[in-house]
Structures are given as C-alpha cells and as structure tokens.
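In the working numbering, the protein residues as written are 33 to 462.
Think of the CB as a built atom: it goes at the ideal place given N, C-alpha and C, for glycine as much as any other residue.
These notes are about the structure you will find just below.
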C-alpha cells in the first residue's frame with residue numbers, strides 16, 4: 033500500500049468519517065510509540081517459507097491462486113495486545129503472511145498481505161464503533177458490551193491460552209472481493225490452521241468472566257516463561273522440523289450483510305475450502321532486515337481487494353480503517369528513531385531491546401500495585417473503577433512510561449536519563 037492508495041481510500045470517505053479515521057490513526061500510532069513498536073502485535077517471531085496453491089474444483093479460479101503455483105512467504109506470529117510481552121497472559125494471538133514471487137524482497141509489500149487473528153469474527157462491525165471503543169474507559173466499554181454494540185461472543189472467542197501458536201485457528205475476519213478469471217466477483221474470508229490439528233486448542237473454560245477486557249492475567253501457578261510461545265516455535269525450527277499450515281477460504285455472493293465482520297458465515301452454507309499449503313522452515317527473528325516489515329490488510333492483489341467504504345458507519349469501514357491505521361503506523365514506526373530537529377543520521381535510535389538505565393527501575397508505587405493485585409500470578413481483578421488504570425499500565429506500557437504514570441508527579445523526581453532515553457527513541461523530549 034502506497035501513499036496514493038492511502039489517499040484514495042481516505043478521499044472516498046465523507047468529511048466526518050475522514051476525521052474519525054485520522055483520530056484512529058493517531059490513537060494507534062500513539063500506542064505504538066508507547067510500546068516502542070507496533071501498536072498491536074508488538075512482540076513476535078518471524079519465519080520464512082513457501083506457499084503452494086492447492087488443486088480444488090470448488091475454489092473459483094483466480095489469477096493469484098492458480099493451482100500448483102508456488103510463492104515465497106514471510107510469516108509472523110505475535111500476541112495481539114500491544115506491549116503485552118508475557119506469552120502466558122490470556123491474550124488474543126495473531127499471524128500475518130506476506131506473499132511474493134520466488135526470489136522477491138519480502139521486506140517490502142509484494143503480491144498480498146493477510147493479517148489474521150484468533151476468533152472467527154471481530155467484536156465491532158464498523159469503524160465508528162471501533163473508534164468509540166478505543167477511546168472509552170472500562171465502564172463505557174462495559175456499556176457497549178451490554179448494549180450489544182460490542183459483540184460478547186467475539187471478544188470471548190479471541191482470547192486463547194495455548195501451549196503453541198500452531199494449535200490455534202487464525203481468521204482474517206474481514207472479507208475480500210475475490211475476482212475470478214471470468215471477472216465475476218464474490219466475497220471471501222480466510223483462515224489459517226495446522227492441518228494436523230483436528231480441533232482448535234487454547235480455548236478458555238466457559239466459566240471465565242471476560243467482560244470487555246482484551247487481555248487477562250496468567251493463571252495462578254502458571255510458571256511458563258514469558259516467551260514460551262516464541263521459544264517453542266523457534267525450537268521446532270532449530271530441531272530441523274518444519275511448521276505446516278493450510279490457508280482456507282469461504283465464499284459467498286456480493287451482498288452488504290456479508291461484509292459485517294462481527295457476524296460469522298455459517299460453514300454449512302459457506303464451507304471452508306483448502307486454498308494453499310504453507311511450509312515454514314527458516315527462523316528470521318534475529319534478522320534485523322525483517323524486523324520492521326509493515327504488514328497491512330490494504331496490501332492487496334488487483335483481483336483480491338477490500339471492499340470500498342464511504343462512511344465509518346458502513347460495514348466495509350472496518351477493513352479500510354485497518355488499512356489506513358497500518359499504513360500510518362508504519363510511517364510513525366519508521367520515523368520514531370529520528371532526532372527531533374534533524375535527520376536519522378544525526379542521532380541513531382536505540383533498538384527496542386536496549387536495556388534501560390539503572391536509574392529507571394519501576395517506582396515503589398508501581399511495585400505496590402503489582403503486589404496488591406498479584407498481576408503476574410493471580411486470577412483476581414481490581415474493581416471495575418480501578419481496572420483500566422491497572423490493565424493499561426501493567427499490560428501495555430513500557431517501564432519508563434509506567435514510572436512516570438504511577439510514580440511521583442514531581443518533575444524533579446524524574447531523572448535526566450528518562451528524557452534522554454525518550455529522545456533517543458523519537459519521543460517528544462517534553
């Protein structure tokens with residue numbers, strides 16, 4: 033997706049919708065800056081492999097998905113909630129696939145990007161409601177859940193507590209316009225699964241109360257390491273094994289109701305069909321060349337694109353909002369190491385894994401909050417009125433932001449190293 037495509041999508045919208053979309057972009061970009069990376073799906077594992085299109089008489093012909101055709105892929109698994117580095121948090125999980133011709137440089141957009149998450153559907157049907165949810169406190173989100181504007185079943189279906197990334201099913205949730213070789217259009221949704229996994233794993237117990245929360249603490253007594261999902265996946269490859277997935281699709285006729293990503297398509301009416309086999313065999317997680325890949329649902333093929341949106345109140349607006357947010361966020365990430373008054377060469381940024389200065393340990397107040405709510409080891413929760421403060425701080429924010437947010441408000445208590453570290457990472461030095 034380039035600037036021209038971005039502007040085209042934005043200019044199709046009415047003026048109010050443009051404003052809301054721009055606010056969404058600003059919100060997600062700010063979230064990305066807070067966690068020094070992607071606003072969502074921040075910490076992940078990157079692997080390379082290949083995709084082979086399968087033969088199926090039931091799949092409509094397509095210029096990209098031609099049976100027997102092979103492509104290179106660069107693939108990423110991650111936890112959904114941005115900044116939630118602990119794999120043992122009960123979180124949504126995601127995958128992203130970039131498809132390119134054999135030998136393509138996959139650090140750049142190529143033939144198609146697919147962004148997939150756990151949960152068959154998304155919790156909100158339109159960009160207006162997404163904007164409302166993102167800017168709401170815990171009580172307001174609870175009201176959205178009670179009114180049905182936030183789909184309870186979708187929120188609950190997204191959270192997973194797996195032993196491996198490979199035991200989950202991943203869905204685009206969004207639908208795409210699939211144009212066949214005869215130029216007939218139909219809608220398609222995609223999902224990704226392990227062909228050796230007969231049922232999805234990592235499901236939560238029915239008695240777990242989730243509410244509008246997007247992440248839950250790890251269970252009491254859970255001693256798994258914080259990056260156990262990433263380590264398990266990487267160990268498979270290090271042992272010489274491959275990881276296999278199957279890409280599937282549902283198809284249905286063009287109708288507006290089909291675009292509503294908060295409602296599932298009945299698999300009895302619209303069965304899942306095998307589209308392609310994916311084999312992953314090369315860990316690229318330590319390769320800096322691929323760290324800043326900007327996957328985007330708006331990076332589409334000319335015969336496979338997101339439906340156009342003209343208002344934040346139509347169902348197609350959610351897909352377009354994803355494309356706009358991903359594009360804008362990728363620009364912010366690319367520029368976040370730039371010195372405030374000069375070029376990137378003036379003062380290089382520190383990588384995300386650079387250790388913080390010793391003076392920037394969490395404040396006593398922050399440590400008290402951790403102990404009070406047993407965040408790392410307990411299933412208990414703070415009261416509704418306190419929940420947003422704790423969840424937002426503990427789950428999503430970096431140590432420096434935590435120290436400032438819940439530590440002393442006296443500016444003289446904030447060390448110079450705090451502002452130096454922020455400037456090195458492209459933050460407003462304050």
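Query                                                                                                                                                     : Result
Distance check for residue 86 and residue 309, CA to CA, integer angstroms please.                                                                        : 7 Å
In whole angstroms, what is the alpha-carbon distance linking residue 154 and residue 184?                                                                : 10 Å
Alpha carbon to alpha carbon, how far is residue 281 from residue 433? Give it in angstroms, no decimals.                                                 : Residue confidence for residue 433 is low, a pLDDT of 38 falling below 50, so the modelled location carries little weight and cannot support an answer.
So, is residue 40 buried or exposed, given that buried needs 16 or more other C-beta atoms within 10 angstroms?                                           : exposed
Just list the residues that DSSP pairs residue 281 with in beta bridges.                                                                                  : 222, 305
Which runs of the alpha helix (DSSP H), 4 residues or longer, sit entirely within the stretch 146-211?                                                    : 159-166, 170-179, 184-190
May I ask you to report which of helix, strand or coil DSSP gives residue 388?                                                                            : Residue confidence is low: residue 388 scores 43 on pLDDT, short of 50, so the model does not pin down where it sits. Its coordinate-derived value is still stated next. It is coil, neither helix nor strand.
Indicate the three-state DSSP secondary structure (helix, strand or coil) for residue 85 in the structure shown.                                          : strand
Do the stretch 194-207 and the stretch 217-226 make contact, defined as three or more Cβ pairs closer than 8 Å?                                           : yes
Would you say residue 211 reaches chain C, if we count a Cβ-Cβ gap shorter than 8 Å as a contact?                                                         : No chain C is part of this structure, which consists of one protein chain only.
Check this for me: beta carbons of residue 266 and residue 345, under 8 Å apart or not?                                                                   : no
Are there 16 or more other CB atoms within 10 angstroms of the CB of residue 113, so buried, or fewer, so exposed?                                        : buried
On the three-pair Cβ rule with 8 Å, is the stretch 226-237 touching the stretch 286-298?                                                                  : no
Let me make sure I understand the geometry here. Which of 117, 119, 137, 109 has the alpha-carbon closest to that of residue 129?                         : 109
Taking 8 Å as the cut-off, does the stretch 148-168 touch the stretch 47-56 (at least 3 CB pairs, one atom from each stretch)?                            : yes
Helix, strand or coil: which one does DSSP assign to residue 39?                                                                                          : helix
Around the Cβ of residue 171, are there at least 16 other Cβ atoms within 10 angstroms (buried) or fewer (exposed)?                                       : exposed
Determine the direct distance from the alpha carbon of residue 133 to that of residue 283, and round the result to whole angstroms.                       : 25 Å
Check whether the stretch 135-152 and the stretch 237-255 are in contact - that is, three or more C-beta pairs closer than 8 Å.                           : no
If you draw a straight line from the alpha carbon of residue 246 to that of residue 353, how long is it in whole angstroms?                               : 19 Å
Give the C-beta separation of residue 252 and residue 197 to the nearest angstrom, bearing in mind that I take them to be a contact with Cβ-Cβ under 8 Å. : Between residue 197 and residue 252 the Cβ distance is about 24 Å, and since that is not below 8 Å, they are no contact.
Of the residues 333, 263, 312, which one's Cα is nearest the Cα of residue 277?                                                                           : 312
So, helix, strand or coil for residue 311, using DSSP?                                                                                                    : strand
Have a look at 188, 348, 261, 44 and flag the residue whose alpha-carbon is nearest the alpha-carbon of residue 291.                                      : 348
Report buried or exposed for residue 386, applying the criterion of at least 16 other Cβ atoms within 10 angstroms of its Cβ.                             : Unreliable placement is indicated for residue 386, whose pLDDT of 43 sits below 50; no coordinate value is reported for it.
Taking the alpha-carbon of residue 44 as reference, which of 254, 195, 342 has the nearest alpha-carbon?                                                  : 342
Got a sec? Which residues, its chain only, sit under 6 Å from residue 330 by beta carbon, not counting five neighbours each side?                         : 33, 355
Roughly how many whole angstroms lie between the Cα atoms of residue 324 and residue 360?                                                                 : 14 Å
DSSP on residue 330, reduced to helix/strand/coil?                                                                                                        : coil
In three-state DSSP terms, what is residue 350?                                                                                                           : helix
Our contact map puts residue 338 next to residue 206 with C-beta atoms below 8 Å; I'd like the distance itself, whole angstroms only.                     : 7 Å
For residue 82, which of 305, 190, 279, 358 has the nearest alpha-carbon?                                                                                 : 279
Closest by CA to residue 321, which one among 61, 79, 35?                                                                                                 : 79
On the CB-based measure, 16 or more other CB atoms within 10 Å of its CB, does residue 89 come out buried or exposed?                                     : exposed
Looking at the structure shown, is residue 407 part of a helix, part of a strand, or coil, going by DSSP?                                                 : Here the model assigns residue 407 a pLDDT of 41, short of 50, so the residue's position is not dependable, and the following value carries that caveat. Here residue 407 sits in coil by DSSP.
Is it buried or exposed, residue 334, if we count other Cβ atoms within 10 angstroms and call 16 or more buried?                                          : exposed
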